[in-house]
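What follows is a single structure, written as structure tokens, with notes after it.
In our numbering, the protein residues as written are 6 to 324.
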């Protein structure tokens with residue numbers, strides 16, 4: 006008897022429009038499959054809740070990072086694993102866990118991948134799989150339209166980012182962690198649970214590990230287009246070389262919990278979704294989600310910290 010599986014299908018995700026029949030035919034070779042298609046009236050969260058009433062052996066999310074995040078939120082703290090068929094614009098969650106981006110590879114992983122327990126986080130009353138961004142990156146993502154993403158893909162984010170870089174100016178930021186309060190000027194703050202190398206705003210430390218019980222903060226403090234492009238290129242190169250950033254205008258540290266405050270208030274994005282403005286508190290939830298992956302990622306060094314060089318830096322230990 007085949008194990009039961011539920012497929013949450015987002016028909017408007019970038020690459021998914023004409024593939025449902027092919028996906029169902031492939032999955033039904035392994036599973037007794039129920040298909041739940043998202044709509045304006047029945048989003049991925051509602052579909053995932055319905056999926057769990059079926060007592061499935063696995064829940065499969067087919068769509069972009071937004072779809073994956075909503076489905077995963079329903080599986081946190083449960084034994085039921087998540088499988089991902091990445092059909093969105095960025096597919097950052099799949100990239101971070103080396104889940105195949107091509108349809109055939111993703112289907113094979115959904116049928117035969119191994120369960121791997123990853124950390125998640127909580128922020129603004131919702132689950133975080135990837136990262137919370139504050140400042141420049143949040144503005145660039147938030148102001149990229151669905152039409153532009155569907156038409157241009159990742160290039161749409163690049164164009165929006167370049168427009169923002171030209172007017173980049175630092176803001177005052179305060180990070181309150183378990184043990185200290187850190188104040189400085191920054192143009193972007195990223196608090197990452199998972200992030201693929203291409204998410205350069207999260208690549209301050211050598212690696213962002215999704216199973217170490219910690220979140221990795223990357224602070225970027227640049228002003229103007231030239232400095233912004235220089236920092237982006239540096240982070241891209243160090244990420245490819247699996248090395249930590251060394252520029253004075255980039256800092257990083259690990260935390261289990263942090264509250265981010267900014268003056269003036271800054272936009273906050275969680276896994277690519279706009280959730281309002283600062284302040285925001287993010288807390289790690291260790292090993293709380295099971296995901297089917299081709300192979301468990303290698304462990305990173307962990308615990309890396311560098312703050313020296315950030316403008317107007319103050320570090321105050323908490324009693």
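We put the beta carbon where it would ideally sit given N, CA and C, even for glycine. Just so you know, these numbers come straight off a predicted model, no measurement behind them.
Check                                                                                                                    : Outcome
Residue 297 - DSSP class collapsed to helix/strand/coil                                                                  : strand
Sequence-distant residues of its chain with Cβ nearer than 7 Å to residue 140 (five each side left out)                  : 176, 191, 192, 193, 194, 271
Short Cβ contact (8 Å threshold) for residue 15 with residue 82                                                          : no
Range covered by the beta strand (DSSP E) that runs through residue 89                                                   : 87 to 91
6 Å Cβ shell around residue 112 - same chain, five flanking residues per side excluded                                   : 31
Range of the contiguous alpha helix (DSSP H) that encloses residue 78                                                    : 70 to 80
Same chain, Cβ closer than 7 Å to residue 252, neighbours up to 5 away in sequence not counted                           : 236, 239
Exposure label - residue 184; buried when at least 16 CB within 10 Å                                                     : exposed
Alpha-carbon spacing of residue 299 relative to residue 249, whole angstroms                                             : 26 Å
Rounded C-alpha distance that separates residue 41 from residue 228                                                      : 46 Å
Same chain only: Cβ atoms within 7 Å of residue 211, ignoring 5 sequence neighbours per side                             : 247, 248, 249, 305, 306, 309
Where residue 56 sits in the DSSP three-state scheme                                                                     : helix
Proximity below 8 Å, CB of residue 257 to CB of residue 286                                                              : no
CB of residue 74 within 8 Å of CB of residue 25, strictly                                                                : no
DSSP state of residue 84 mapped onto helix, strand, coil                                                                 : coil
Counterpart residues of residue 179 in DSSP-defined beta bridges                                                         : 188, 266
Cα-Cα separation, residue 202 to residue 233                                                                             : 18 Å
Buried versus exposed call for residue 274 [16 or more other C-beta atoms within 10 Å across all chains shown]           : buried
Cβ shell of residue 262 (< 6 Å), same chain only, five flanking positions each side left out                             : 183, 288
Distance, residue 76 Cα to residue 322 Cα                                                                                : 39 Å
Beta strand (DSSP E) segments (min. 3 residues) lying fully within the segment 209 to 254                                : 220 to 225
Reference residue 85; option with closest CA among 72, 65, 45                                                            : 65
Cβ pair residue 132, residue 59 closer than 8 Å                                                                          : no
CB-CB length for residue 290 against residue 124, believed under 8 Å                                                     : 6 Å
Own chain partners of residue 244 with C-beta closer than 7 Å, once the 5 adjacent residues on each side are dropped     : 202, 205, 208
Status (buried if at least 16 other CB within 10 Å, exposed otherwise) for residue 181                                   : buried
Nonlocal neighbours in the same chain, by C-beta distance under 6 Å from residue 187, ignoring five residues either side : 180, 320
Supposed close pair residue 200, residue 213 - CB separation, criterion 8 Å                                              : 5 Å
Residue 97 versus 215, 8, 35, residue with shortest Cα-Cα distance                                                       : 215
Residue nearest to residue 334 in terms of C-alpha spacing, selected from 116, 279, 264, 105                             : Missing from the structure shown is residue 334; the chain here goes from 6 to 324 and no further.
Residue 268 to residue 178 span [Cα, whole Å]                                                                            : 7 Å
With 16 other Cβ atoms within 10 Å as the buried cut-off, status of residue 45                                           : exposed
Own chain, CB closer than 8 Å to residue 103, minus 5 neighbours either side, in chain order                             : 298, 299, 300, 302
Counterpart residues of residue 286 in DSSP-defined beta bridges                                                         : 264
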